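Notes follow the structure.
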Amino acid sequence: MSRGKVSVLALALAGALSLTAVSMPAAFAASPSAGAQVKVAAAPQANNDGFTIDADGVLVSYTGTATDVRIPEGVTEISSNAFTNAQLTSVWIPASVRAIDDSAFAGQPLTQVTFQDEDAHPSQLETIGDRAFTYTALESVTLPRSVKTVGQETFSDMEKLRSVHIGANVEEDGLFAAFARTPLLESIEVDAANLNYQSLDGVLYAQGGTHLATYPQAKNKGGAYAVAEGTSTIDEGAFSS
């Protein structure tokens, strides 16, 4: 049997949740994988607050009934649709979280998201996935300085969103259509230390002012807007409602 087939068999057996290890029999003695054991990670465990967290610190799901929740410190990732069956109005996110996956909080009636104090506990959050906060009830969003990547339509369809503050480390092209269909959005501000984006009177441009990324839908509504001199590129949907 080829090495590839041994590996596939071992992984298939390891997928059985009732197993903790798989040892190969004598028939596989000639295989490069002979004597190897396949370790199986412990199944995610639920705690008393309704959080199911796996051995790597990934918050897999929430089955609690509280609407004001504090995510346990030490959680490293919030998985997709982790709060599907919840009705959260506020959430506290610890500095240990490095990623918020696609649709993690989508559709929640959230009015407040609090990140752990950055001065005392620097945030490790770098990635916020596609539509992670879509259809929430937040009126303002302030991203931690550590955030580098914001997914597509991450803050879309938020009918109450009025203001956004983008941190210092969001990467170039990291905000495509992030704020689509936000009818009350009046301004997008950017940390002065950001090398990729800037805010010109509340309008989001790439650094240098040659690329208009997003015009807030409620800014000067019904009036006129003069695109910054020197602009050569306007993102698709930059003025969409």
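Taking mature numbering (1 follows the signal peptide of the UniProt record, and there is no 0), I'd label the letters of the sequence shown as residues -29 to -1, 1 to 212.
We put the beta carbon where it would ideally sit given N, CA and C, even for glycine.
Keep in mind that this is a model prediction, so the values were computed, not measured.
Going by C-alpha positions, G138 is about 25 Å away from Y196. Linking I49 to F147 through their CA atoms gives a straight-line distance of about 22 Å. Contact between the region 57 to 69 and the region 34 to 42 is present, with at least three C-beta pairs closer than 8 Å. Here DSSP, grouped into helix, strand and coil, assigns T204 to strand. Taken through DSSP and simplified to helix, strand or coil, Q83 comes out as strand. Between L96 and the set Q87, F104, R102, the nearest pair of CA atoms involves Q87. Along the length of the region 139 to 198, whole beta strand (DSSP E) runs at least 3 residues long occupy 158 to 161, 168 to 171, 174 to 177, 182 to 185, reported in chain order.
Around the beta carbon of L166, fewer than 16 other beta carbons lie within 10 angstroms, which makes this residue exposed. 8 Å or more divides the Cβ of S32 from the Cβ of S51. For D39, the enclosing beta strand (DSSP E) has its first and last residue at 39 to 41.
Beta-carbon to beta-carbon, G122 and A103 are separated by about 6 Å, close enough to satisfy the 8 Å threshold. Closest in alpha carbon position to D20, among T34, A151, S203, F76, is T34. Look at F22 here: in three-state DSSP terms it is strand. About 5 Å separates the beta carbons of L183 and I205, which is inside the 8 Å limit, making them a contact pair. Between T85 and V68, the CB-CB gap reaches or exceeds 8 Å. Collapsing the DSSP output to three states places T107 in coil. Boundaries of the beta strand (DSSP E) around S61: 61 to 64.
Taking the Cβ atoms as the reference, T202 lies roughly 6 Å from G180, within the contact range of under 8 Å.
Minimum Cα-Cα distance from D101 among the listed residues D128, L59, P115, T113 corresponds to D128. Nearest neighbour of E207 by Cα position, chosen from V161, E124, N191, turns out to be E124.
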